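In what follows, a single structure is set out as structure tokens and then discussed.
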Amino acid sequence: MSAIDDYHTYTCLRFVQASANDINRVRFQNGAGCSSYVGMIGGAQPINLAPGCRSKGIVIHEMGHAIGFQHEQSRSDRDTFVSLMSQNIQPGVEFNFRRLSTEEVSSYGVSYDYTSVMHYSGLVTPAPTTPAPAVELGTVCADRMPGCQELQGVKELDCISNLLHIHQCVSTCGRC
């Protein structure tokens, strides 16, 4: 099952093949790293997927940015749930760990989700000289942590916590 199939199976959102007349669309491209703008920017919105970024979980994560999701660890209340080890963050990617204000990101009243497809684990961007985590999660098993399940796809809590609120699809998201 592909990343798009997961969105179709577990959410009310539908991705369709863009036509020549479609102004706003996402464009998957072989870019530098794994990245996407957060939310619609207008026009052909790039989702950059370098060769190491093409697992289903990473594609779902980047598609999540395109439809408006911020990183879970960027929530304004994140310090209650995780400890940021800023000394262990690789230079140049600090923005991925920035705590956002409530005006920039909403929790929609949903509890912090350590296993969200939008949450970085502690070992995603460590500094090259240290095996120490950038985000210390304590005893909670988060995606991509050693011994935990590999980041696989969209799951029900992601659907409930964001899609239903951002895209108002309560009545059409049958699996949620």
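Residues in the sequence shown are numbered consecutively from 218, following the numbering used here.
Cβ atoms here follow ideal geometry from the backbone N, Cα and C, with glycine treated the same way.
All of these numbers come straight from a predicted model, not from anything done at the bench.
query                                                                                                                                                                                     : result
Among Q262, I284, L266, which has the Cα closest to the Cα of T228?                                                                                                                       : I284
Do you know offhand how far D330's Cα is from S300's?                                                                                                                                     : 15 Å
Identify, in the order they occur along the chain, each residue of the same chain with its Cβ nearer than 7 Å to the Cβ of A235, setting aside the five sequence neighbours on each side. : R242
Could you pull out every residue in the same chain whose Cβ sits closer than 6 Å to the Cβ of F298, ignoring the five residues on either side in sequence?                                : Y329
By how many angstroms is the C-alpha of T319 removed from the C-alpha of S293?                                                                                                            : 6 Å
Among C251, L317, S324, which residue has its Cα nearest to the Cα of A267?                                                                                                               : C251
From V255 to Y337, what does the alpha carbon distance come to, in whole angstroms?                                                                                                       : 16 Å
How is C270 classed by DSSP in three states: helix, strand or coil?                                                                                                                       : helix
Between which residues of its own chain and R231 is the CB-CB distance below 7 Å, once the five residues before and five after are set aside?                                             : H225
Which same chain residues end up closer than 6 Å to M335 when comparing Cβ atoms and leaving out the 5 residues on each side of it in sequence?                                           : G281, F286, H288, E289
What is the DSSP secondary structure of N238, counted as helix, strand or coil?                                                                                                           : coil
Between G315 and S333, how many whole angstroms is the CB-CB distance? I'm expecting something under 8 Å.                                                                                 : The sequence given here places Arg at residue 315; Gly does not occur at that position. Going by Cβ atoms, the distance from R315 to S333 rounds to 17 Å, so no, they are not a contact pair.
Return the CA-CA distance between H244 and G260, expressed in angstroms with no decimal places.                                                                                           : His is not the amino acid found at residue 244; the sequence shown has Arg there. Approximately 10 Å, taken between the alpha carbons.
Would you report the Cα separation of Q262 and D296, rounded to the nearest angstrom?                                                                                                     : 32 Å
Which partner residues of C251 appear in the DSSP bridge assignment?                                                                                                                      : L266
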